[in-house]
Amino acid sequence: MERLAIPLNILPVGCVGRIKEIRAEGNVRRRMMDLGLVPGTEIEAVLRSPSGDPTAYHIRGAVIAFRSEEASKILVEMTGKLW
Amino acid sequence: MDMSYGLFSDHSAEQGIIQRILPTQMTSVDNNVVALVGNPNTGKSTLFNALTGLNQHTGNWPGKTVTSAFGRYMHNGKSFFLVDLPGSYSLLANSPEEEVARDFICFGRPRVAVIVADATCLERNLNLILQVLEMIPQAVVCVNLMDEARRNHISVRLDKLSQILGVPVVGTSASSGQGLTELKQAVDDLVCGRLIPEPIRIQYDSAIEEAIAIVEPAIKIMMGRSIDSRWLALRILEGDDTIIAALRKFTSLDVMGSEEIRDRVEQAKKKLAQQQIFENDLRDRIVFTIVNSAERISREVWQHNGDWRKRADRKIDEVLTSRLFGIPAMLLLLGAALWISIVGANYPSKMLANIFFWLEKRLSALFILAGAPDWLRGALVEGLYRTLAWVVSVMLPPMAIFFPMFTLLEDLGYLPRVAFNLDYYFKKARAHGKQALTMCMGLGCNAVGVTACRIIDSPRERLIGIITNNYMPCNGRFPTLIALSAVFVAGRAGGMQPILAAVTVLGLIVFSIVVTLVASKILSCTILKGLPSSFALELPPYRKPQIGRILIRSLLDRSLFVLLRAVTVAAPAGLIIWFMANVSIFHTTLLNHCAGFLDPFARLMGLDGYILLAFLLGFPANEIVIPVVIMSYMSGGAIIELDSLQALRWLLEGHGWTWVTALCTMLFSLNHFPCGTTLLTIHKETGSWKWTLISFIVPTITGIVVCSVVVQAARLLRLV
Chain A
0 MERLAIPLNI LPVGCVGRIK EIRAEGNVRR RMMDLGLVPG TEIEAVLRSP
50 SGDPTAYHIR GAVIAFRSEE ASKILVEMTG KLW
Chain B
0 MDMSYGLFSD HSAEQGIIQR ILPTQMTSVD NNVVALVGNP NTGKSTLFNA
50 LTGLNQHTGN WPGKTVTSAF GRYMHNGKSF FLVDLPGSYS LLANSPEEEV
100 ARDFICFGRP RVAVIVADAT CLERNLNLIL QVLEMIPQAV VCVNLMDEAR
150 RNHISVRLDK LSQILGVPVV GTSASSGQGL TELKQAVDDL VCGRLIPEPI
200 RIQYDSAIEE AIAIVEPAIK IMMGRSIDSR WLALRILEGD DTIIAALRKF
250 TSLDVMGSEE IRDRVEQAKK KLAQQQIFEN DLRDRIVFTI VNSAERISRE
300 VWQHNGDWRK RADRKIDEVL TSRLFGIPAM LLLLGAALWI SIVGANYPSK
350 MLANIFFWLE KRLSALFILA GAPDWLRGAL VEGLYRTLAW VVSVMLPPMA
400 IFFPMFTLLE DLGYLPRVAF NLDYYFKKAR AHGKQALTMC MGLGCNAVGV
450 TACRIIDSPR ERLIGIITNN YMPCNGRFPT LIALSAVFVA GRAGGMQPIL
500 AAVTVLGLIV FSIVVTLVAS KILSCTILKG LPSSFALELP PYRKPQIGRI
550 LIRSLLDRSL FVLLRAVTVA APAGLIIWFM ANVSIFHTTL LNHCAGFLDP
600 FARLMGLDGY ILLAFLLGFP ANEIVIPVVI MSYMSGGAII ELDSLQALRW
650 LLEGHGWTWV TALCTMLFSL NHFPCGTTLL TIHKETGSWK WTLISFIVPT
700 ITGIVVCSVV VQAARLLRLV
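Those protein sequences? They're chains A and B, same order as listed. Residue numbers are given in numbering that gives the first Met the number 0: position 7 of the first sequence equals residue 6, and the series is strictly consecutive. Residue numbers are given in numbering that gives the first Met the number 0: position 302 of the second sequence equals residue 301, and the series is strictly consecutive.
1) What does the alpha-carbon distance come out to for the pair residue 114 of chain B and residue 183 of chain B?
2) Mind listing which residues of the segment 51–79 of chain A have their C-beta closer than 8 Å to chain B's C-betas, in chain order?
3) Short of 8 Å Cβ to Cβ, which residues in the segment 403–424 of chain B face chain A?
4) I'd like to know if residue 12 of chain A contacts chain B, where contact means its C-beta is closer than 7 Å to some C-beta of that chain.
5) When DSSP labels each residue in this structure, what does residue 6 of chain A get in the three-state scheme?
6) With three or more beta-carbon pairs closer than 8 Å as the criterion, would you say the segment 666–675 of chain B touches the segment 498–514 of chain B?
7) Taking CB distances under 7 Å as the criterion, tell me whether residue 28 of chain B reaches chain A.
8) Quick one: residues in its chain with C-beta nearer than 6 Å to the C-beta of residue 704 of chain B, no 5 flanking neighbours on either side, listed in chain order?
9) Considering only the alpha carbon of each residue, which of B:454, B:245, B:421 and B:315 lies closest to residue 509 of chain B?
10) If you count every other CB in all the chains shown that lies within 10 Å of the CB of residue 601 of chain B, and 16 or more means buried, which is it?
11) Which residues in the same chain as residue 225 of chain B place their Cβ atom closer than 7 Å to its Cβ, once the five residues preceding and following it in sequence are excluded?
12) Strictly below 7 Å CB to CB, what residues from chain B border residue 27 of chain A?
13) In this structure, does DSSP put residue 363 of chain B in helix, strand or coil?
14) What is the C-beta distance between residue 469 of chain B and residue 698 of chain B, in whole angstroms, given that I count them as a contact (C-beta under 8 Å)?
15) Starting from the beta carbon of residue 325 of chain B, find every residue of chain A whose beta carbon is closer than 8 Å, and list them in chain order.
16) Which residues share a DSSP beta bridge with residue 172 of chain B?
17) Return helix, strand or coil for residue 70 of chain A, following the three-state DSSP convention.
18) Determine the DSSP secondary structure at residue 695 of chain B, reduced to helix, strand or coil.
19) What residues in its chain sit with their C-beta under 6 Å from that of residue 172 of chain B, if we drop five residues either side in the sequence?
20) Cα-Cα, which of B:385, B:596, B:571 and B:339 is closest to residue 361 of chain B?
21) Following the continuous beta strand (DSSP E) through residue 441 of chain B, name the residue where it begins and the one where it ends.
22) Take the Cβ of residue 524 of chain B as the centre, count every other Cβ of all protein chains shown within 10 Å, and call the residue buried at 16 or more, exposed below.
23) For a cutoff of 7 Å on Cβ pairs, would you count residue 16 of chain A as touching chain B?
24) Measure from the alpha carbon of residue 440 of chain B to the alpha carbon of each residue in B:424, B:467, B:124 and B:282, then state which is nearest.
25) Alpha carbon to alpha carbon, how far is residue 682 of chain B from residue 690 of chain B? Give it in angstroms, no decimals.
26) Chain B partners of residue 7 of chain A, CB-CB under 7 Å?
27) Using alpha carbons as the reference points, say which of B:339, B:285, B:381 and B:553 lies closest to residue 356 of chain B.
28) Does residue 277 of chain B have its Cβ less than 7 Å from a Cβ in chain A?
29) DSSP state of residue 420 of chain B, grouped into three classes?
30) Quick one: grab the DSSP three-state call for residue 275 of chain B.
31) Note the first and the last residue of the continuous alpha helix (DSSP H) segment covering residue 157 of chain B.
32) Roughly how many angstroms lie between the CA atoms of residue 585 of chain B and residue 693 of chain B, to the nearest whole one?
33) What residue does the alpha helix (DSSP H) around residue 656 of chain B start on, and which one ends it?
34) Considering residue 592 of chain B, what are the terminal residues of the alpha helix (DSSP H) in which it resides?
35) At a CB distance below 8 Å, what residues from the segment 120–143 of chain B approach chain A? Give them in sequence order.
36) Please state whether the Cβ-Cβ distance between residue 293 of chain B and residue 537 of chain B is less than 7 Å.
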């Protein structure tokens, strides 16, 4: 079943998504991929900073925070399932 | 998008280190160089300390090791030279630090690379392990933090991992020293050739493998065994120019200068292009393959049983970063640390003062007994000795208490949470969220804070971090704030004293943070125009700090450091002040001449000439500002014994201080030119006198403006 892809920054805290596409370019893209963000990776939004941005995500056993600008360049499909 | 501002072009300091290492290694045969690489926050520095017995400070935040450290250890009667490289997630050179690590592995010719991995987060670490194994076969994988993994019900099958990777794998818990002997043995086995590694070779898809096959043989002929030709072929194919430049620099081989290689690269690229694989796609595919291999390997050897390991961490984080409690919790923690420092410093301060002044009387008597001339006794005892005594007794105790506590928070892993909480405001100021981390370091010492700015990749944001770091009160200025707020704000409040003093200092720090943000924003809109760059911050798991070690080290290191500075800076300054106060020209002392000259200007800022003079004399070290003020006031004749804060208040009030004077002094202390050491560090880091000068001017102007506004407002509102 084809699931709707949404930008990571609107993934609600506590929800899990599967990375579909990285839209960032150049160094930012590289940095993201080095952190293990490649298509197919499961990612969970875990914490939102007091001001609503950045958001911390659970990625391959580590917790990494992205600003909404960066997160919006990552497209995920909601899988709904919790870890 | 970022301009380079003509700076940081080659990270001169770091590259210098590699160049220094190369010759030492070449000249001595028995030098077994071992490189330590790993992701940030894997306990690499703890391991380094455990192996070498050196005390490089470790902290629980990514990027703590911004400079490489060196040390030695002995094993089986052999000496090993250990190089701790900056932590990085990858060696595909995204940042200067990664480039340093990569260049050292490629060209520093380590006999063995020890790749440190975090057992609790093995999959992510495997990414780097696989990258390093592509570069150097002589490697040992050190799976660290095994104790933490066990506590979190994680099991790692080390022998299976070793079998898959084809290199020795050792499990360690560096903080308790577990597994270190095995690690040293594995390194030695590789050095002696008792063990021949056969590292895993990552298979890329057929298109890439074909392209490698075209290019690699030609590279192998040129480079021989000095560098892994397959690895280099991949880098050239994906268009990584930094490695070509590094090759030219370290080996003086121009790999693209060879026509044969150029032709083959051309040919391979054409072939890839036919399959719609261009440089960027190739890069993606390479990373994708490595990440997937890491995932596959991790699945085979890594297992967590029971509940997800971060549950406890996450519960804590949900409070410490929540909308409701995030920022109040931060203020509360800092406030509590300040309060404990203020309360706790009282007694040792009093005790030290008593000892010093008792000793002063004895010293004086000794001079008189020896028949020394009055001026000599005055200069040495009242000038040199007394300033020294003041610096040590007033400045040392609050520092010695505050900094172990601060280090505790750092080792726990709280600082990245501070950066996480405050990032939004830094983004608004068009600066980098990690600037908050460098500010925290600035609380200890601005020179350290300036160096820490290396964790910020974008040159523009890094400069902002460097220029504004001085707004955070350092080690040497904290006691000024504490003493003055204890005297003037809290002095009249009875039992609430320490709490009020702590709240005042806390307020000043919050004010400094606001000033930093405003200044960052102004810089971003003027001389350092630009938009915020990308931001990724790891929030490492909370770790149990090694309390004993923190206490001993920060007490000893800090105290020693402060004492040393006191001797080298405060003592001569005391001497100068004494002479200025005792040498008269036209019936007025030199001190009064200078203070009188500065006075009109100082008054505009709510200070007086003596205070401003003290700030100028405090240029080498801010610790001496208050002692110099006291010396100047006391040299006026009335020598009183200053054995309590009460006495300090009488002395200051006797010279016309009001709460506005105290406030302006504190504000000017927060906002004025950085000390000499910090400026030198800024010059070293930026490589530019222009930015050093700007770092001098920006906070000074801030101070002049802020103090003038405060004093004018107070006068207008008739508060004084």
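Just so it is clear, CB atoms sit at the ideal spot from N, CA and C, and this is done for glycine as well. The structure displayed is predicted, hence computed values, not measured ones.
Quick answer:
1) 13 Å
2) 51, 52, 53, 55, 57, 58, 59, 60, 61, 62, 63, 64, 65, 66, 68 and 69
3) 419, 420, 422, 423 and 424
4) no
5) strand
6) yes
7) Caution is warranted here: a pLDDT of 48 is assigned to residue 28 of chain B, below 50, making its placement in the model unreliable, and no coordinate value can be reported.
8) none
9) B:421
10) buried
11) 250
12) 533
13) helix
14) 5 Å
15) 48 and 49
16) B:177
17) helix
18) helix
19) 145 and 146
20) B:385
21) Where residue 441 of chain B is concerned, there is no enclosing beta strand (DSSP E), although the alpha helix (DSSP H) it sits in stretches over 434–443.
22) exposed
23) no
24) B:467
25) 8 Å
26) Near residue 7 of chain A there are no residues of chain B at all, since even the closest Cβ is about 12 Å away, more than 7 Å.
27) B:381
28) no
29) helix
30) coil
31) 157–164
32) 39 Å
33) Unbroken run through residue 656 of chain B: none, as it is neither H nor E.
34) 589–603
35) 120, 121, 122, 123 and 126
36) no
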